[in-house]
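Below is one structure, written out as structure tokens; the observations come after it.
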Amino acid sequence: MQYGHFDDHKREYVITRPDTPLPWINFLGCEDYFGLISNTAGGYSFYKDARLRRITRYRYNNVPFDYGGRYIYVRDNVSGKFWSPTWQPIRGELEGYQCRHGMGYTIISSTCQQIESETRYFVPLGENLEIWQYTMTNHRSVPAEISVFSSIEFCLWDANDDSTNFQRNFSIGQVEVEDEVIYHKTEYRERRNHFALLCLF
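Residue numbers for the sequence shown follow this note's numbering, beginning at 23 and rising by one.
What follows is the structure, encoded as structure tokens:
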């Protein structure tokens, strides 16, 4: 059974179906900020150190489930139908799917309910952040009323503590929402100068 192929011209590996036997991973990042992303948008991000400075949650020894990642949900507001353009985490049927792992970026595209989605994941040079560049195209003969939601699970900072004492993060975490930005801090009223954020533009 074939799941993908190399595109020598674009220097990418192209995955043509989402249900691979195991997650097929690509690396994002430069300088200090890095991430791993699977062909279904699973994976995690970290700053300098994958264990002690983890930013997003992804369980150790998580094979083959590939849960925890950079997820987008799409909903048709008229029919109520919803899906994930990256297949995970909903794992619904898609009319078309393709993942392109390139050098420092991943592009996942799919079609569902005649709505085409493409998400490009990458880390800009010299920045300590990652960008999810999402594009949607309506191939229906009539206008579509669509809502788009993003989802991520924060894990600041020690990934080992997070996996052995999961409830600790619920007790010490602090979240602030301001306009379209979600801020996540490591511990409640802790005197540290770091935090993570998720914002929509």
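Here a beta-carbon is modelled for each residue, glycine too, at the ideal position from N, C-alpha and C. Remember, predicted model here, so these are calculated numbers, not experimental data.
Checklist line | Three-state secondary structure (DSSP) of Q24 | finding: Looking at Q24 - three-state DSSP - the assignment turns out to be coil, as it is neither helix nor strand.
Check: Unbroken beta strand (DSSP E) runs of length 3 or more, entirely within the region 123-171: which are they?
Finding: For the region 123-171, whole beta strand (DSSP E) runs of length 3 or above, ordered along the chain, are 127-134, 137-144 and 153-160.
Next item on the list: Identify every residue that forms a DSSP beta bridge with Q110.
Entry: DSSP, once it has assigned bridges, lists no residue as partnering Q110.
Next item on the list: Using the Cα positions of G114 and C134, report the straight-line distance between them to the nearest angstrom.
Entry: Rounded to the nearest angstrom, the two C-alpha atoms are 9 angstroms apart.
Margin query: Buried or exposed, going by whether 16 or more other CB atoms sit within 10 Å of the CB of L50?
Written below: Classification of L50: buried, given that the 10 Å Cβ count is 16 or more.
Next item on the list: Determine the DSSP secondary structure at T186, reduced to helix, strand or coil.
Entry: Collapsing the DSSP output to three states places T186 in a helix.
Next item on the list: Helix, strand or coil for I47, going by three-state DSSP, please let me know.
Entry: In this structure, DSSP gives I47 a state outside helix and strand, which the three-state scheme calls coil.
Next item on the list: Mark E149 as exposed unless 16 or more other C-beta atoms lie within 10 angstroms of its C-beta, in which case mark it buried.
Entry: Result: exposed.
Check: Of all the options D201, S67 and D71, which has the alpha carbon lying nearest to the alpha carbon of Y80?
Finding: Of the candidates D201, S67 and D71, S67 places its Cα closest to the Cα of Y80.
Checklist line | C-alpha gap between V96 and V170, whole angstroms | finding: Going by the C-alpha atoms only, they are around 5 angstroms apart.
Item checked: For D98: DSSP bridge partner residues -> Beta-bridge partners assigned by DSSP to D98: I168.
Next item on the list: Could you tell me how far apart the beta carbons of W109 and Y93 are, in whole angstroms, since I believe they sit closer than 8 angstroms?
Entry: Contact between W109 and Y93 fails: their C-beta atoms lie close to 10 angstroms from each other, not under 8 angstroms.
Next item on the list: Name the two residues that bound the continuous beta strand (DSSP E) containing L58.
Entry: Element bounds for L58: Y55 to I59.
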